[in-house]
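FYI, the numbering for the sequence shown is 245 to 636, going by my numbering.
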Amino acid sequence: MTDKLDFIREDVENLKEQGLFINIRTMGSPADAWMIVDGRRVLNFCTNNYLGLANHPKMKEAAKRAIDEWGVGPAAVRSIAGTQALHLQLERRLAEFKEVEDALYVQSGFCANQAAIPPLVGREDVIFSDRLNHASIIDGCRLSRATIVVYEHCDPADAEAKIKEHLPNYRRGLLVTDGVFSMDGDIAPLDRLYEVAEKYGVITMVDDAHGEGVLGGGRGIVHHFGLHGKFDVEIGTLSKAFGVVGGVIAGRKLIVDYLRQKARPFLFSSAVTPADTAACLAAVDLLEESEELVNRLWENTRYFKAGMKELGFDTGRTETPIVPVMLGEAPLAREFSRRLFEEGVFAMALGFPTVPHGQARIRVMNTAAHSRQDLDIGLAAFEKVGRELGVI
Ligand SMILES: *Cc1c(COP(=O)(O)O)cnc(C)c1O
């Protein structure tokens, strides 16, 4: 007996055979340094909760207050009846924080790319995109129907060669890059990419999802390179360092105002809830008040990386709190992750197609929520499993 959905059964079998089937674990507690994962209390190195804000008392207080004042949902898209004063307040604060003219708050970082790219380029245009750009950038590019030309990872010379070759055949161009690349933790050479793009009059866009709250004293990659006011569009997320949910498109007022007219997630999907919006405002307050959490994040990062190097692990080309522990083949990475979990440490194994063949790894996300003692527990587990599996 065949049925029309057999293709799904076959594909799932294939995924399982190749070791690519994703087993999704269940969290039984808030995102924090220690979490209940599949019923077990473990040290957590998997969430993007860089500053420990996801379960911060001031954030929770702000969200609760907002529910009392504003209810639980706006019940409309932003362009009809969904724009509450809270949304505008957050947009103003984010623009100030990022030192840009204006900002637009959307439902997620993923949505932000879908919202920002298609209004700026279309069928007659060309996008220059880093080889390792995030899936949401790639999807935003595809939605625009522009031609996509991929340049080599973090390679401004190749970006320039590609612009020279292709731009003359199109109406206009857009260059887009991740700020911090989430699999390797390396940083895009934004200053040189900016120079190249400006030289040819190409629109510039950076997605700073892993740089906000982390680089530039928390203000992000544009600040890190001293480029504020120069990049045309900055995409961001409120769901990583900010600890809540939502996306932001920041930059020139001309562009942001235009997106209020054109961006489809803004026009056709309901606004973010008051509780989330208020919590995001509290995150901006905390980031503007002090750099203490950002400094603690970097202290933890330096301590953990130094410990891993001393143990003899290869941590790749990271320059940020993202620490890839390079292991080579996917089955080894999976086994490593499984044994870490047995030791009470939750750290993700990543293999193809998330990373290239032969570059499987465990990825450790450092945060300000971890204590020195937590990091020592983590390092001891890596040492034990690394020795047992002959990695170090
Ligand atoms: C995580 C991430 C996103 C998605 O952000 P969400 O707010 O989770 O939708 C977008 N872009 C990049 C580069 C990311 O790393």
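C-beta: ideal position from N, C-alpha, C; glycine also.
**Item:** Spatial distance of leucine 434 from glycine 473 (CA atoms)
**Value:** Your numbering for residue 434 matches position 190 in the sequence shown. Your numbering for residue 473 matches position 229 in the sequence shown. When rounded, the distance between both Cα atoms is 13 Å.
**Message:** What I want to know is whether the C-beta of alanine 453 ends up closer than 7 Å to one or more non-hydrogen atoms of ligand 1.
**Reply:** Mapped onto the sequence shown, residue 453 falls at position 209. Checking every heavy atom of ligand 1 against the Cβ of alanine 453, one is found closer than 7 Å.
**Message:** Considering only their Cβ atoms, is the gap separating proline 568 from threonine 545 smaller than 8 Å?
**Reply:** Translated into positions along the sequence shown, residue 545 becomes position 301. Translated into positions along the sequence shown, residue 568 becomes position 324. Contact flag unset, no.
**Runs of alpha helix (DSSP H) lying entirely within the stretch 476 to 511, each at least 4 residues, in chain order** = 497 to 506
**Request:** Could you have a look at valine 528 and say whether DSSP puts it in helix, strand or coil?
**Result:** Position 284 of the sequence shown, counted from the start, is the residue given in the question as residue 528. Helix.
**Prompt:** Counting only runs that start and end within the stretch 328 to 374, where is the alpha helix (DSSP H) found for 4 or more residues in a row?
**Reply:** 329 to 342 and 353 to 364
**Prompt:** Ordered along the chain, which non-local residues of its own chain (more than five positions away) have a Cβ less than 6 Å from that of arginine 540?
**Reply:** Translated into positions along the sequence shown, residue 540 becomes position 296. Only Ala612 meet the Cβ criterion.
**Item:** Limits of the alpha helix (DSSP H) - the one that threonine 598 falls within
**Value:** Translated into positions along the sequence shown, residue 598 becomes position 354. Threonine 598 -> no alpha helix (DSSP H), and no H or E assigned at all.
**Prompt:** Does ligand 1 have even one heavy atom less than 7 Å from the beta-carbon of aspartate 430?
**Reply:** Working through the sequence shown from its first residue, we reach residue 430 at position 186. Not so, every heavy atom of ligand 1 lies at least 7 Å from the Cβ.
**Prompt:** Taking 7 Å as the cut-off, does the CB of threonine 481 come closer than this to any heavy atom belonging to ligand 1?
**Reply:** Residue 481 sits at position 237 when you count from the first residue of the sequence shown. Threonine 481: yes, Cβ under 7 Å from ligand 1.
**Item:** Per DSSP, the bridge partner or partners of threonine 448
**Value:** As a position in the sequence shown, residue 448 is number 204, starting the count at 1. The partner list for threonine 448 (beta bridge, DSSP) reads Leu419.
**Message:** In whole angstroms, give me the CA-to-CA distance for arginine 561 and aspartate 399.
**Reply:** The residue you call residue 561 lines up with position 317 of the sequence shown. The residue you call residue 399 lines up with position 155 of the sequence shown. In a straight line, the C-alpha of arginine 561 is about 15 Å away from that of aspartate 399.
**Request:** For histidine 468, verify whether its CB is less than 7 Å away from any heavy atom of ligand 1.
**Result:** The residue you call residue 468 lines up with position 224 of the sequence shown. Histidine 468 Cβ: outside cutoff for every heavy atom of ligand 1.
**Prompt:** What are the uninterrupted segments assigned as beta strand (DSSP E) that are 3 or more residues long and contained completely in the stretch 372 to 412, given in chain order?
**Reply:** 391 to 395
**Message:** Need the endpoints of the beta strand (DSSP E) that glycine 572 sits in, please.
**Reply:** Here residue 572 corresponds to residue number 328 of the sequence shown, with the count starting at 1. Residues 566 to 572.
**Request:** Could you please give the first and the last residue of the uninterrupted alpha helix (DSSP H) stretch that includes phenylalanine 544?
**Result:** Stepping through the sequence shown from its first residue, residue 544 is reached at position 300. Per the sequence shown, residue 544 should be read as asparagine rather than phenylalanine. Residues 536 to 555.
**Prompt:** Since serine 514 sits in a beta bridge, which residues does DSSP pair it with?
**Reply:** Taking the first residue of the sequence shown as 1, we reach residue 514 at position 270. For serine 514, which the question treats as bridged, DSSP gives the partners Val321.
**Asked** What residue from Ala359, Phe341 and Ile621 has the CA that sits closest to phenylalanine 548's CA?
**Response** The residue labelled residue 548 in the question sits at position 304 within the sequence shown. Minimum Cα distance to phenylalanine 548 is reached at Ile621.
**Asked** Which whole-angstrom value describes the C-beta separation of asparagine 299 and alanine 320, a residue pair presumed to lie in contact below a C-beta threshold of 8 Å?
**Response** The sequence position of residue 299 within the sequence shown is 55, counting from 1. The sequence position of residue 320 within the sequence shown is 76, counting from 1. At roughly 30 Å, the Cβ-Cβ gap does not stay under 8 Å, so asparagine 299 and alanine 320 are not in contact.
**Contacts around alanine 403, its chain only, beta-carbon distance under 7 Å, and the 5 residues preceding and following it disregarded** = The residue you call residue 403 lines up with position 159 of the sequence shown. For alanine 403, where only same-chain residues beyond five positions count, the Cβ hits under 7 Å are Phe372, Tyr395, Leu419, Leu437 and Val440.
**Item:** Spatial distance of aspartate 185 from arginine 336 (CA atoms)
**Value:** With the chain represented from 245 up to 636, any question about residue 185 goes unanswered, as that position is not in the structure.
**Alpha carbon of arginine 322 to alpha carbon of arginine 504, nearest angstrom** = For this step, residue 322 is matched to residue 78 along the sequence shown. For this step, residue 504 is matched to residue 260 along the sequence shown. Each residue's alpha carbon lies about 9 Å from the other.
**Prompt:** Within the present structure, is the beta-carbon of glycine 457 separated from the nearest heavy atom of ligand 1 by less than 7 Å?
**Reply:** On the sequence shown, residue 457 is found 213 positions in, with the first residue counted as 1. No, Cβ of glycine 457 sits at least 7 Å from all heavy atoms of ligand 1.
**Request:** Pick helix, strand or coil for arginine 463, following the three-state DSSP scheme.
**Result:** Numbered from 1 along the sequence shown, position 219 holds the residue referred to as residue 463. Reduced to three states, the DSSP call for arginine 463 is coil.
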